[in-house]
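**Student:**
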């Protein structure tokens, strides 16, 4: 039985949660597991938004296309927050490897009056390579491979703000209690 985690919150406005980390570190897996345990949680996934806005051959994986998708997600999160349509909004599908990408979402969250949290997921290179070797027909991003992982890793800027770092090399299940405490401590 899936038990819903119901924290006592004084501020019923949505919490924006940024899932940062290299490809194959388990961002989507963790987002789904956390959302299943929380009341009124929504996952906004850049890869799925891109797949909807730019299907099939229209997808080009450019920074410009990613930015358009993120703007749509930020606008959706602001709407959901303004209209109190959820308690937790997860931003998935972006590595948040650049501080400017993080600042964009944090600025929008603060403009909306929403608190925010950053979960930084890591795993061993071996685990990521193993995960990326397994074809995932359910994952909409077709550019995910170990070369992408290495390129993003080489350019990943340190996240300087408040965050919870989680090593997903083994699994995400054992990390759920710490992640739940961190994102609900608002």
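Residue numbers (the numbering used here): 204 to 389.
We put the CB at the ideal spot given by N, CA and C, even for glycine.
All figures in this text were calculated on a predicted structure; none of them were measured in a lab.
1. Below 8 Å on the Cβ atoms is my guess for residue 292 versus residue 305; work out the distance and round it to an integer in Å.
2. Closer than 7 Å by C-beta to residue 327: which residues in its own chain qualify, once you throw out the five before and the five after it? Chain order, please.
3. In this structure, how does DSSP classify residue 248 when only helix, strand and coil are distinguished?
4. Is residue 386 buried or exposed, if buried means 16 or more other CB atoms sit within 10 Å of its CB?
5. Would you say residue 301 and residue 368 are within 8 Å of each other, going by their C-beta atoms?
6. At which residue ranges does the region 318 to 373 contain complete beta strand (DSSP E) runs of 3 or more residues, listed in the order of the chain?
7. Tell me where the beta strand (DSSP E) around residue 293 begins and ends.
8. List the whole-angstrom C-beta distance separating residue 275 from residue 252, where the pair is believed to meet the contact cut-off of C-beta under 8 Å.
9. Can you check whether the CB of residue 324 is closer than 8 Å to the CB of residue 223?
10. From 365, 267, 388 and 355, pick the residue whose C-alpha is nearest to that of residue 228; which is it?
11. Confirm, please, whether the CB-CB distance from residue 240 to residue 383 is below 8 Å.
12. Use the C-beta contact count for residue 282: other C-beta atoms within 10 angstroms, 16 or more gives buried, fewer gives exposed.
13. Going by beta carbon distance, what residues of the same chain come within less than 6 Å of residue 231, once the five residues before and after it are set aside?
**Tutor:** Well, looking at it:
1. Not really, about 15 Å apart at Cβ, beyond 8 Å.
2. Excluding residues within five positions, the ones whose Cβ falls inside 7 Å are 372.
3. strand
4. Per the 10 Å Cβ criterion, buried.
5. No, the Cβ-Cβ distance between residue 301 and residue 368 is not below 8 Å.
6. 319 to 325 and 367 to 370
7. 291 to 295
8. Between residue 252 and residue 275 the Cβ distance is about 6 Å, and since that is below 8 Å, they are a contact.
9. yes
10. The alpha carbon of residue 228 has as its nearest neighbour, out of 365, 267, 388 and 355, the alpha carbon of 355.
11. yes
12. With fewer than 16 other Cβ atoms within 10 Å, it is exposed.
13. 295
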